[in-house]
Amino acid sequence: MTAILEKVNGFVWGIPALLGILGIGLYLSFRTGFAQIRLFPKALRAFFSTFRRKKEQEGEVSPFQALCTALAATVGTGNLAGVAGAITIGGPGAVFWMWICAILGMVTKFAEATLSVRYRVRNEKGEWVGGPMYIIRQGMGKRWHWLATSYCLFGVVAAFGVGNATQINTVIGGINQAISAFGGSESQTGNLLMGVGLGILICGILQGGMKKIGTFAEKLVPIASVCYLLLGVGILIAKAPAVPQALCGIVEGAFSPQAVTGGGVGSLFISLRTGVSRGVFTNEAGMGTAGIAHSAARVEHPVEQGLMGIMEVFLDTIVICTMTALVILVSGVEIPYGNDVGIALTTQAFSSVYGGWVSVMIAAALCCFAIATVLGWGLYGARCAQFLFGDGVWKKFVLIQGIAVVIGAVLKTGTVWLLSEIVNGLMAIPNLIALGALTPELCRLLRKSKTP
């Protein structure tokens, strides 16, 4: 089964997919005058002031809550385990390609958030809903409705894989790492019980809908992210002399992976493909999912929430993923190139400086990130299911999400990661088509906004 999935993954994430994701980023960059760079200072200012916006504006949640909900889905186990896997499979150079993917992804996410607000509609309950399926239906016309349907089908499947089982599987692994550091051992019964507990918690929050998810996310995501970054900064200070060498290794490894890894990574293409696929897995730029969260924001103009899309990718990949990568590279732990070891390598890197106790902190961070991600993806999957089957499907979908949490607690890591990457690639296709088709509308919105 694994061999078959690897072949499918290689096809889905082959040259066409890489060209599609990077290509739309380049295309949008040129068409918008490199908005991700030109508007970055304004995006920073908006990020620090957005939670003070007036509540009279149309929308379900504040722009900050919408951003945190989107970040909840993106700042997940991919930032800890995914980066470690990218380095072991693609070498340090994979991090460089994650950066390139992020820079282009910033404008892609800007477009997704902006167009999602532009084409949002009210559902039967009077809630604002949006995302790629509504962008396609409202912006491209009825003859493209099949494309919106296909996106939602992929989205429902992804909500149980990339947004659920993958996250839970990795957090269970992190908790078991912490247990083993204190002389304990992993057990399937323990994994099952942890899965049941997490499933009950997640179902309880998802039942509250977008507002409850947004309220929870705006508290959990910032706290967990800051704590994790502080731990990382401590290691970079302790290993300061090794930081320049690590940065040089990232750049050199992007173009000559064999030289940096001693032959552990075979080719430039493997490094590039791994960096881009893991980059998309963590920041989701090109998948369109974050637009579902951003569409509920209270804003005067769609471009205002587009700025939050820029910040979302920046914080997720340029800040948090880079921190994980540098911690691993400067720690001095042996990197098993060619093996996707995931969270174990990240935990070892932190433990090399702080000692075994930090495995508990990493497990706690993983748990917070995983819960937030499952909640964000629970929202995405539920909105996709509502688009397909009507608003009444929400409670049934939430129940199935809870069951998926339990299943994810006992799955094997390799299979989960492969399935997640495959579905990520399939979800991107309808979204990229829509972004390309509606670029003129995006440029029109940008010109008519107050944004210079």
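In this note's numbering, each residue's number is its place in the sequence shown (first place is 1) plus 1. Beta carbons: idealized from backbone N, C-alpha and C, even for Gly.
* To do: Excluding the 5 residues preceding and the 5 following Arg108 in the sequence, name in chain order all residues of the same chain whose CB lies nearer than 8 Å to its CB.
  => Sequence inspection shows Val at residue 108; the Arg mentioned does not correspond to that position. Gly26, Leu29, Ser30, Thr33, Phe35, Ala36, Gln37, Ile311.
* Asked: What is the rounded straight-line gap between the Cα of Gly196 and the Cα of Thr374?
  -> 15 Å
* Is the region 88-108 in contact with the region 157-177, if contact means three or more CB pairs nearer than 8 Å? -> no
* With DSSP as the reference, label Ala298 as helix, strand or coil. => strand
* Asked: Tell me which same chain residues have a C-beta within less than 8 Å of the C-beta of Ala47, skipping the five on either side of it?
  -> Pro64, Glu305, Leu308, Met309, Met312
* According to the neighbour-count rule (16 or more other Cβ atoms, all chains shown, within 10 Å of its Cβ), is Pro303 buried or exposed? -> buried
* To do: Use the C-beta contact count for Asn340: other C-beta atoms within 10 angstroms, 16 or more gives buried, fewer gives exposed.
  => exposed
* Asked: What residue range is occupied by the uninterrupted alpha helix (DSSP H) comprising Cys33?
  -> The sequence given here places Thr at residue 33; Cys does not occur at that position. Neither: Thr33 is in no alpha helix (DSSP H) and is coded neither H nor E.
* The alpha helix (DSSP H) with Pro223 in it runs from where to where? -> 210-239
* Mapping DSSP to helix, strand and coil, what is Val424? -> helix
* To do: Look at Thr347 and Leu81 and say whether their C-beta atoms are less than 8 Å apart.
  => yes
* Alpha carbon to alpha carbon, how far is Ala225 from Thr318? Give it in angstroms, no decimals. => 16 Å
* Buried or exposed: Glu219, going by 16 or more other Cβ atoms within 10 Å of its Cβ? -> buried
* Excluding the 5 residues preceding and the 5 following Glu125 in the sequence, name in chain order all residues of the same chain whose CB lies nearer than 6 Å to its CB. => Asp392
* To do: Grab me the residues of Met324's own chain with a C-beta within less than 7 Å of its C-beta, minus the 5 sequence neighbours each way, in chain order.
  => Leu230, Gly233
* Please confirm whether Thr70 and Ile214 have their CB atoms less than 8 Å apart. => yes
* Unbroken stretches of the beta strand (DSSP E), 3 residues or longer, contained in the region 45-133 -> none
* Proximity winner among Leu221, Cys368, Val163, Val300, relative to Tyr381 (alpha-carbon distances) -> Val163
* Alpha-carbon spacing of Gly333 relative to Trp358, whole angstroms -> 18 Å
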